[in-house]
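I have placed the structure first, in the form of structure tokens, so that the comments after it can refer back to it.
This is the structure in structure tokens:
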């Protein structure tokens, strides 16, 4: 399959995912339909085939060399290395969101550092122990711990 054809397939998939995410975000957070749509999005992305770096570059508007560097740095997740490098579609979709947001905000240089920071921040926010601690703090049930 050609790069253009493969990129078009992935772009169509991501467009569908974007529509589902938009509908899901229009529902309240405690609405079961929102959780079901989020589940459909996650399942669809997990089932998508891995993506070649050249195709990811086409989608991200980056060179293949830059995409491979981002993969080596851990910004893009490598699905497999042999016989050729293939990238994880779930992480590619997440990074595509971040890069698009940064470009809309006028950021064009140092994207890898900013994307890496945002991914790190999100991984912290996704931790259940941190969410529990924040809930305790907000409700006044937390306790102050001071270093000795």
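In our numbering, the protein residues as written are 38 to 185. Cβ atoms here follow ideal geometry from the backbone N, Cα and C, with glycine treated the same way. Model, not experiment: these values are computed from the prediction.
- For residue 117, no alpha helix (DSSP H) segment is defined; the enclosing uninterrupted segment is the beta strand (DSSP E) at 115–117.
- For residue 123, DSSP records a beta bridge to 117.
- Per DSSP, reduced to three states, the secondary structure at residue 88 is strand.
- Separation of residue 92 and residue 177 (C-alpha to C-alpha, rounded to the nearest whole angstrom) is 49 Å.
- Going by beta carbons, residue 54 and residue 78 fall inside the 8 Å limit.
- In the three-state DSSP reduction, residue 158 falls in the helix class (H, G or I).
- For residue 143, the three-state secondary structure derived from DSSP is coil.
- Look at residue 174 here: in three-state DSSP terms it is helix.
- Contact between the segment 64–78 and the segment 98–108 is absent: fewer than three C-beta pairs spanning the two stretches fall below 8 Å.
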